[in-house]
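Numbers given in our numbering equal positions in the sequence shown, counted from 1, plus 56. We put the CB at the ideal spot given by N, CA and C, even for glycine. For clarity, every value in this text was computed on a predicted model and none was experimentally measured.
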Amino acid sequence: MIKQAEVRVAKNGKRFISLIFQDRSGEISGMYWDAKDEDIQHFASGAIVHLEGQRDLYNGQPQVKITKLFLADSNEGFQTSQFVAQAPMSSAQMQDEIQKAMFDIQNAKWNRIVRFLLQKYQNAFYEHPAAKSNHHDFTGGLAFHTLSMMRLAKAISQQYSQINYSLLLAGTILHDLGKTIELSGAVGTEYTVPGNLIGHIVLIDEQIVLACQALKISEADEDVLLLRHMVLAHHGLLEYGSPERPKLLEAEVLHYIDEIDASINMISKALNKTEPGSFSERVFGLDNRQFYRPKD
């Protein structure tokens, strides 16, 4: 399936399509040169195609040199779900575990806000990826990333009793919920207009404020300010998109468990495509570093 398709213009003035192909085993990029109008119409995001070509490397990244590309016939019976990577847990399993964990948010205001927003964005939360590319970029990736972080948050809070587990858990559940607005969905994932202009951090902060208004909770309440700070600071640095750096112990912990889970997912994805005894392709989300897979 074509995951992404971007029409560009080459130095010779001719149009080409920058493509990313995917199936459940992974993805690979390729260029379709001298694209005509009908090619641009046919080879769009979400289209299922037959691809023939040679696998090469370009700037250390795998790329396919396309020799033949044509649309799959509808009579072949292919379904989009056959080509989209899925979370290792079903939506029902993830929802059950997250709902049970909600009882650990013992602060009534945080609990009400989190329940309100999870219900509001429930369908998208369990279907969306956590990113367009990089980490957890598969169907259900947003919920699975959140759930993985919730497990880390619980383990760390058991080790360090000074952590307010209710606050850390509430912040963890909400930290990326704005991606249900920022991203278009699991198939042909693109950034929406609000996603491009505002971004998921500010979008979820706004949703917390709107939830407070609906639930008759004062926006000036310190508990609300603490929860908003958790999501506003979770990228850690201003240059990474956070309006504030962490100024709470729990906000600092949230930032690091987010980094841990995203990094492990990106490295694992690269190593899964790497032969034992060799280095992986470069991982863009980790400063273009390569990672070594030890010999079995």
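Tell me which same chain residues have a C-beta within less than 7 Å of the C-beta of Q151, skipping the five on either side of it? Residue 151 sits at position 95 when you count from the first residue of the sequence shown. Taken in chain order, the residues that qualify are Y182.
Under 7 Å: does the beta carbon of E132 sit that close to some heavy atom of the ligand ADP? Absence of the ligand ADP from the depicted structure is noted, as is the absence of any ligand whatsoever, leaving it without description.
Are three or more beta carbon pairs between the stretch 277-295 and the stretch 307-322 nearer than 8 Å? Yes, the stretch 277-295 touches the stretch 307-322.
Compute the distance between the beta-carbons of G297 and G341, then report whether it is under 8 Å. Sequence index remark: in the sequence shown, residue 297 carries index 241 (1-based). Sequence index remark: in the sequence shown, residue 341 carries index 285 (1-based). With contacts defined as CB atoms closer than 8 Å, G297 and G341 fail to qualify as a contacting pair.
Suppose contacts are defined by Cβ-Cβ distances below 8 Å. Is I161 in contact with L225 by that definition? What you label residue 161 is simply residue 105 of the sequence shown in a count that begins at 1. What you label residue 225 is simply residue 169 of the sequence shown in a count that begins at 1. Yes, these two residues count as a Cβ contact at 8 Å.
Should M286 and E306 be called a contact, given that it needs their Cβ atoms to be closer than 8 Å? Walking along the sequence shown from the start, residue 286 turns up at place 230. Walking along the sequence shown from the start, residue 306 turns up at place 250. In contact: M286 and E306 (Cβ atoms closer than 8 Å).
Can you confirm whether the stretch 199-207 touches the stretch 141-160 when touching is taken to mean that 3 or more C-beta pairs between the two stretches lie within less than 8 Å? As far as the Cβ criterion goes, the stretch 141-160 touches the stretch 199-207, which means the pair count is three or higher.
With a Cβ-Cβ cutoff of 8 Å, do I260 and P250 count as a contact? Position 204 of the sequence shown, counting from 1, holds the residue named residue 260. Position 194 of the sequence shown, counting from 1, holds the residue named residue 250. Taking a C-beta distance under 8 Å as the contact criterion, I260 and P250 do not qualify as a contact pair.
Please report the straight-line C-alpha distance between R171 and G116, rounded to a whole angstrom. The residue you call residue 171 lines up with position 115 of the sequence shown. The residue you call residue 116 lines up with position 60 of the sequence shown. Rounded to whole angstroms, R171 to G116 spans 44 Å at the Cα level.
Separation of G227 from N167, as counted between CA atoms: Indexing the sequence shown from 1 puts residue 167 at position 111. Indexing the sequence shown from 1 puts residue 227 at position 171. Each residue's CA atom was taken as its position, placing N167 and G227 some 11 Å apart.
For K92, name the three-state secondary structure that DSSP assigns. Counting from one through the sequence shown, the residue named residue 92 turns up at place 36. Looking at K92 - three-state DSSP - the assignment turns out to be coil, as it is neither helix nor strand.
State the start and end residues of the unbroken beta strand (DSSP E) segment that holds T136. Translated into positions along the sequence shown, residue 136 becomes position 80. Boundaries cannot be given for T136, as no beta strand (DSSP E) includes it and DSSP labels it neither H nor E.
Give me the Cα-Cα distance between G241 and H184, rounded to the nearest whole angstrom. Translated into positions along the sequence shown, residue 241 becomes position 185. Translated into positions along the sequence shown, residue 184 becomes position 128. Cα to Cα, the separation comes out at about 5 Å.
For the alpha helix (DSSP H) containing F181, list its first residue and its last residue. In the sequence shown, residue 181 corresponds to position 125, counting from 1. Looking at the DSSP string, the run of the alpha helix (DSSP H) that includes F181 is 178-183.
Going along the chain, which residues of its own chain have a beta-carbon closer than 7 Å to the beta-carbon of L127, five neighbours each way excluded? As a first step, residue 127 is located in the sequence shown; it is residue number 71 there, counting from the start. Closer than 7 Å at Cβ, skipping near neighbours: H98, A103, V105.
Grab me the residues of Q346's own chain with a C-beta within less than 6 Å of its C-beta, minus the 5 sequence neighbours each way, in chain order. Indexing the sequence shown from 1 puts residue 346 at position 290. Same-chain partners within the cutoff: F335, S336, R338.
Do I212 and I219 have their CB atoms nearer than 8 Å? Along the sequence shown, read from residue 1 onward, the residue named residue 212 stands at position 156. Along the sequence shown, read from residue 1 onward, the residue named residue 219 stands at position 163. In contact: I212 and I219 (Cβ atoms closer than 8 Å).
Based on the DSSP secondary-structure assignment, which residues constitute the bridge partners of P118? Here residue 118 corresponds to residue number 62 of the sequence shown, with the count starting at 1. Note: P118 sits in a beta bridge opposite L113.
Is the CB-CB distance between T195 and A148 below 8 Å? What you label residue 195 is simply residue 139 of the sequence shown in a count that begins at 1. What you label residue 148 is simply residue 92 of the sequence shown in a count that begins at 1. Judged by their CB atoms, T195 and A148 are not nearer to each other than the 8 Å cut-off.
Short check: CB of V120 to CB of M57, under 8 Å? Numbered from its first residue, the sequence shown carries residue 120 at position 64. Numbered from its first residue, the sequence shown carries residue 57 at position 1. Taking 8 Å as the Cβ cut-off, V120 and M57 do not qualify as a contacting pair.
Buried or exposed: where does R64 fall if 16 or more other Cβ atoms within 10 Å of its Cβ makes it buried? Residue numbering aside, residue 64 sits at position 8 when the sequence shown is read from its first letter. Counting every other CB atom within 10 Å of its CB across the protein chains shown gives R64 a total below 16, marking it as exposed.
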